[in-house]
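Step one of this worksheet: look at the structure below.
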Amino acid sequence: MDSVVRFLNGRSVNGFSHGVRVALFGGVALLSLAVSACACQRPEWETPEPRTPVVAEASDEGRQAMQGFQKPAGIEVGLFAAEPDVANMVAIYVDLQGRVWVCESFRQKVGIEDNRGHEHWLDDDLAARTVEDRYAYIQKHIPNATRLYTENDDRIRLLIDEDGDHVADRATVFADHFNEVVSGTGAGVLAYRDQVYYTCIPDLWMLVDEDSDGVADSRRSLHYGFGVRFAFRGHDMHGLTIGPDGRLYFSIGDRGYNVETMDGQGENPESGAVFRCELDGSRLEVFASGLRNPQELAFDDFGNLFTGDNNSDSGDQARWVHVVQGGDSGWRMAYQYLPDRGPFNREKIWHPAHPGQPAYIVPPIVNFADGPSGLTYYPGTGLGDEYLGRFFLCDFRGQASNSGIRSFRLEPKGASFEMVDATQPFWNILATDADFGPDGALYVADWVHGWDGLDKGRIYRFSNPEAAESEIVRETQQLLNNGMEMTDEVVLVRLLGHQDKRVRQEAQFELARRNALEALDGVARHGHTLLARVHAIWGIGQIARRDIRLDEISETLSELMTDRQSEVRAQACSLVGDLRDRTYAAQLQDRVLDAEPRVRYFAALAVGRLEYPAALPAVLRLLEENADQDVVLRHAGIMALRGIAIEDRGAVRGLAQHPSLSVRIAATVALRKIEDSGVAEFLNDADPLVVVEAARAIHDMPIVEAWPNLAALIERPSEDDALMRRVLSVSYQLGGQEQAESLAVFAAETPNEAWAIEAINLLAYWPEGIGRDRVLGMWRPVEARDAAIARDALNRHLSAILSRGGAVADRAIDVAGALGIEAIIPSLRERVADGDLAGASRAAALRALAQLKADGLEAVLLEAISASSPELRSAAADLLVGISPENAIPALAKAMTSESLLERQAAYASLARCGLPAAHELIKAAGTKLVAGEIPADTQLDVIEALSALPNGSGDALMEGYRATMPNDDALAEYRATLAGGSADRGGRLFYERTSLSCVRCHTIGAIGGQVGPNLSRIGLDKEREYLLQAIVHPNAAIAKGFEGVIVQTIDGSTLAGIVRTENDTTLELLTADGNIVSVAQEDIDAIVPGKSSMPEDLIKHLSPMELRDLIEFLADQKTDPADTAAHGE
22 MDSVVRFLNG RSVNGFSHGV RVALFGGVAL LSLAVSACAC QRPEWETPEP
72 RTPVVAEASD EGRQAMQGFQ KPAGIEVGLF AAEPDVANMV AIYVDLQGRV
122 WVCESFRQKV GIEDNRGHEH WLDDDLAART VEDRYAYIQK HIPNATRLYT
172 ENDDRIRLLI DEDGDHVADR ATVFADHFNE VVSGTGAGVL AYRDQVYYTC
222 IPDLWMLVDE DSDGVADSRR SLHYGFGVRF AFRGHDMHGL TIGPDGRLYF
272 SIGDRGYNVE TMDGQGENPE SGAVFRCELD GSRLEVFASG LRNPQELAFD
322 DFGNLFTGDN NSDSGDQARW VHVVQGGDSG WRMAYQYLPD RGPFNREKIW
372 HPAHPGQPAY IVPPIVNFAD GPSGLTYYPG TGLGDEYLGR FFLCDFRGQA
422 SNSGIRSFRL EPKGASFEMV DATQPFWNIL ATDADFGPDG ALYVADWVHG
472 WDGLDKGRIY RFSNPEAAES EIVRETQQLL NNGMEMTDEV VLVRLLGHQD
522 KRVRQEAQFE LARRNALEAL DGVARHGHTL LARVHAIWGI GQIARRDIRL
572 DEISETLSEL MTDRQSEVRA QACSLVGDLR DRTYAAQLQD RVLDAEPRVR
622 YFAALAVGRL EYPAALPAVL RLLEENADQD VVLRHAGIMA LRGIAIEDRG
672 AVRGLAQHPS LSVRIAATVA LRKIEDSGVA EFLNDADPLV VVEAARAIHD
722 MPIVEAWPNL AALIERPSED DALMRRVLSV SYQLGGQEQA ESLAVFAAET
772 PNEAWAIEAI NLLAYWPEGI GRDRVLGMWR PVEARDAAIA RDALNRHLSA
822 ILSRGGAVAD RAIDVAGALG IEAIIPSLRE RVADGDLAGA SRAAALRALA
872 QLKADGLEAV LLEAISASSP ELRSAAADLL VGISPENAIP ALAKAMTSES
922 LLERQAAYAS LARCGLPAAH ELIKAAGTKL VAGEIPADTQ LDVIEALSAL
972 PNGSGDALME GYRATMPNDD ALAEYRATLA GGSADRGGRL FYERTSLSCV
1022 RCHTIGAIGG QVGPNLSRIG LDKEREYLLQ AIVHPNAAIA KGFEGVIVQT
1072 IDGSTLAGIV RTENDTTLEL LTADGNIVSV AQEDIDAIVP GKSSMPEDLI
1122 KHLSPMELRD LIEFLADQKT DPADTAAHGE
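One rule links them: number in this note's numbering = place in the sequence shown (from 1) + 21.
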């Protein structure tokens, strides 16, 4: 157990233990004191003065772009603000006075970094647990970071329309100097009363303008410790909103956090989360976790919280999430760096609810959108009643032509919801955020183009002129502008039933500030509208949380819990749980079995928060009756069991014998949530769903005390991939002779080839150790161990493993050679000589002989270079280069003209490694042929690479001669050698797995990928290789049809915008935003302003020439109609 002692220093939360840790970053020891350390004192980082941001000059581009917007009938659009008043807008907020607050970012890729461009520090990032850890490894890898990462700034802009013409007249920099080395994107702002809240990693800031001049006079960090990792750009702190309970809610992407919370759950470096606290910053708590990048949050009229969560660029889809208290959405940051995204894809975590899905997660309502960004909910007035109950979600795809704002409604479905009536009302705008103003208009922030910012920005105002003239809209604006401080209590009570959500909420908050318990009590009991009653209950909760006046509301709560309206019962149960008062516990038991699922949900959550064991029978009945059908209701039952287990662990552990499968699954997850080792008992369950759920809990959290129980399952293997991967993983983590023996036996006996290879791999890592967990990708380092243990275990079962043949035997041979198992040498000689074996298998045996330094190796190699298999010949020649290079030269010279592409390419790579003059001359001779155009297209790049590797620049003259043959006007000339000769298999791995490329973020092949860019399923049929090369190297020169947006200016001064449909010498046809086809005579066109591709222009920087060749080969190989592969990947 020595290898797992590091996990026993304290109690872990979400897979990571509290306690003292020492993390090593390349010799730099970083002491992490977990929660207590991060909360003591905020460090003062050395931060030079930033330079003033450079913003683009004013232009008419913003007004021209409006011509291309798609918008509903009756809606008008105006330009509220543009550069130079705003630029690079990440988020906006329109306050109750109509002032627009803007988050501007000028540090993208110059301080706000991304692991995709810094693979060299990935292990350090995965190991980081505090902001201080991140600071330390930045300094290690970027010695000049204190200058480089602080040169640019993020800031808050304030825009004010002073004359009421719907155009900003005044713009001030409200606050800046958010440019510390560890600062993230300032991605959330909210102004309320005298405070301005700002989320900018690593802090939640509160700023105050004390003299009302539009500039902050003071700032204070309410909480520090967010963003312990870099992860991806944009995965920052955001989502600021005030909930119906009067608390401040905000979110963070999967950059993790290590903050002090009232519930002690503030350390999680692995996922995004939603937090809430009081407006003064007190009582911070984690509300939900397991999110990837929940950029914005929005509440509906009844206090339900939602977010759009982004996909991981691996063929998974973005998600519309019902954010429930205590919910875990299942994402872990380390999944991003597993080629297949690990459990997220393997176990279909990102899919909506379906049988067999992990039970510890709360799955999304639906897969929706591609780049969910800004989010808002229609407040009830401004655009018209047809928008009541609608959400507005920005879908950011990198370019305006396929981006915009989606809208939809939700309808109740059990304890949760389903999406209905989804539309795209506002389109052809690269919207990052949207918010409703007190005037009823929708304000939209336009990023303009791309992913990094052009130092431009526009805010558009979409409005309904007819609705704006209505009395209700004017009244709403006046009420919100003036505030409620001087409003009579009788009026406030009436306003609790107002049509506009913001008015209702402000009236509620004012009554709560006045401690108007009697007035709220009356509305809660006898209000004329349901919404008024609900707001009154929320107001009572605000007072009770602040003043703890529970005796004054006990009768009211008891009455409300049995009210005839189910929503009132539900909200009353929610309040009881929030206050954690057991006075109402007995009544909760009845509500747990209420006829309405929503009431059951809130009642069960309340039981969990009250930690009330007496409610166990009711909770068990709820779970049995639900039978795992309603996953949100199941979650509430799990949270109830979690709370009960805190008081009485034995009661929940004992559920291992309960006859209901649903109860046993829920109990397993409940014990997982408190990291109780009693979950090991559930590994003995007769149902595989329970067993794998227990395995997830034990392995993933981790619950180290139960690891031996999980490892023991290797003796009775299952067919469940999720289970067996974890069994193998903990067997390796535990170490020791018993586990090594078990892994070797398993490799010999399991019929599953992938599992057998994984068991062999784990034995290979025995003497080396590993840093990342093999299932989750998380940083769980295992030190190097005695190689003899793995060597002896593998040796004992090697004969049985080799008898399996194929990839398993090949991998066993590789590992046997690496571990020094000399007993295998005779068998290896036989395999090398066996002409019936596949060439790759014979080559693997040959390489193992070389690793073992077998006697007579040179003779074996000399014989192998004459074999019939090109794989074997290539391997033999390459190995000869290392031990007898002079004997390798003739074989390599012959291989240069082989009919086998593999052999020809391998020959040049081997020659480049050989230091003999004869090898250099062969390369130069090939270089001469290259200049003369006599090298086949599929090996030209290999010759180029070999020439570049020659010592002392001896190949430079030939390379210059080759370049001289290239046409001066050919932008692709230097890349043309990549057009042929690639490996489609390797290219496929680049397309699907290379994080720095993220091809599947935007493109679909078959059924896998995103919808941002063109579907590439048949690109090999539709396009030549040259087109593919151009699209990668110069994306703006080859924008796919249907994605090239343009603005056309005619000679009569009019402007048209749309997507080019067709073009010839006489006519240009545009598909306009409203779906119409417009033809423009070429002679009438004065100018065309082309749009840009959203494909990253620097993609080529992330590809070596060899990798570019492989990617082109893979794309050229895609020749299947998408309709024929609709079920692929399911």
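Using N, Cα and C, we set each Cβ at its ideal position, and we do this for glycine too.
Remember, predicted model here, so these are calculated numbers, not experimental data.
Integer Cβ distance of residue i from residue j, believed to fall under 8 Å
i: Arg178; j: Ala192; result: 6 Å
i: Gln346; j: Leu626; result: 6 Å
i: Gln592; j: Ala639; result: Not a contact, Cβ separation roughly 20 Å.
i: Ala466; j: Ala489; result: Going by Cβ atoms, the distance from Ala466 to Ala489 rounds to 21 Å, so no, they are not a contact pair.
i: Leu644; j: Gly658; result: 4 Å
Whether residue i touches residue j by CB criterion (8 Å)
i: Leu1000; j: Ala946; result: no
i: Phe253; j: Gly260; result: no
i: Ala102; j: Ile480; result: yes
i: Ala859; j: Asp899; result: no
i: Gly311; j: Trp352; result: yes
i: Ala1153; j: Thr397; result: The first residue shown for the chain is 22 and the last is 1151, placing residue 1153 beyond what the model contains.
i: Val280; j: His244; result: yes
i: Arg619; j: Ser587; result: yes
i: Leu1050; j: Leu993; result: yes
i: Phe308; j: Arg276; result: no
i: Ala864; j: Glu892; result: yes
i: Ala1163; j: Asn816; result: In the structure as shown, the chain starts at 22 and stops at 1151, and residue 1163 therefore has no counterpart that could be examined.
i: Asp1105; j: Thr1071; result: yes
i: Leu784; j: Ala814; result: yes
i: Tyr996; j: Leu1129; result: yes
i: Leu541; j: Leu532; result: yes
i: Tyr564; j: Ala545; result: One detail in the question is off: residue 564 reads as Ile in this sequence, not Tyr. For Ile564 and Ala545, no; Cβs fall outside 8 Å.
Status (buried if at least 16 other CB within 10 Å, exposed otherwise) for residue i
i: Asp116; result: buried
i: Phe46; result: In this prediction, Phe46 has a pLDDT of 32, which is less than 50 and means its spatial position is unreliable; what the coordinates show is noted afterwards. When all chains shown are included, Phe46 counts as buried.
i: Ile886; result: buried
i: Ser394; result: buried
i: Lys1140; result: exposed
i: Asp1142; result: exposed
i: Tyr62; result: For clarity, residue 62 is Gln in the given sequence; the question names Tyr instead. Burial call: exposed.
i: Val229; result: exposed
i: Val56; result: Residue placement at Val56 is flagged as unreliable, the pLDDT there being 32, under the threshold of 50; the coordinate-derived value follows with that caveat. It is buried - the Cβ of Val56 has at least 16 other Cβ atoms within 10 Å.
i: Ser53; result: The pLDDT assigned to Ser53 is 33, lower than 50, so where the model puts this residue is not dependable; a value taken from the coordinates is nonetheless given after this. By the neighbour-count rule (16 or more Cβ atoms within 10 Å), Ser53 is buried.
i: Gln529; result: buried
i: His720; result: buried
i: Leu51; result: Residue placement at Leu51 cannot be trusted, given a pLDDT of 32 that sits under 50; the coordinates are not used to answer.
i: Asn1; result: There is no way to answer for residue 1, as the model of the chain reaches only from 22 to 1151.
i: Ser1038; result: buried
i: Gly827; result: exposed
Residue-chain proximity (residue i, chain C), Cβ-Cβ < 8 Å
i: Ala743; result: You won't find chain C in this structure, because it holds only one protein chain.
Contact between the stretch 1006-1020 and the stretch 1130-1138 is defined here as three or more beta-carbon pairs at a separation below 8 Å; is this criterion met? yes
Pick out the complete alpha helix (DSSP H) segments inside the stretch 946-1014, 4 residues or longer, and give them in chain order. 961-970, 977-985, 1005-1014
Is the stretch 80-87 touching the stretch 205-213 in the sense that three or more CB pairs, one from each, lie closer than 8 Å? no
Alpha helix (DSSP H) runs wholly inside the stretch 756-796, at least 4 long, in chain order: 758-770, 774-785
Should the stretch 829-847 be regarded as contacting the stretch 864-873, the criterion being three or more beta carbon pairs within less than 8 Å? yes
Please specify which runs of the beta strand (DSSP E), each continuous and at least 3 residues long, are wholly inside the stretch 362-412, giving them in chain order. 393-398
Just to confirm the assignment: which complete beta strand (DSSP E) runs, minimum length 3, are found wholly within the stretch 548-633? Counting whole runs of 3 or more residues, the stretch 548-633 contains no beta strand (DSSP E) stretch at all.
Can at least three beta-carbon pairs, one atom from the stretch 354-367 and one from the stretch 684-696, be found at a separation below 8 Å? no
Complete runs of the beta strand (DSSP E) confined to the stretch 500-526 [at least 3 residues]: none
The stretch 1012-1026 touching the stretch 132-141, judged by at least three CB pairs closer than 8 Å: In the pairwise beta carbon analysis, the stretch 1012-1026 is classified as touching the stretch 132-141: at least three pairs are separated by under 8 Å.
For the stretch 910-917 against the stretch 934-943, are there 3 or more C-beta pairs whose distance is under 8 Å? Contact check between the stretch 910-917 and the stretch 934-943: three or more CB pairs, one atom from each, fall below 8 Å, which counts as touching.
Touching or not, the stretch 119-131 and the stretch 157-176, by the rule of three or more beta carbon pairs under 8 Å? yes
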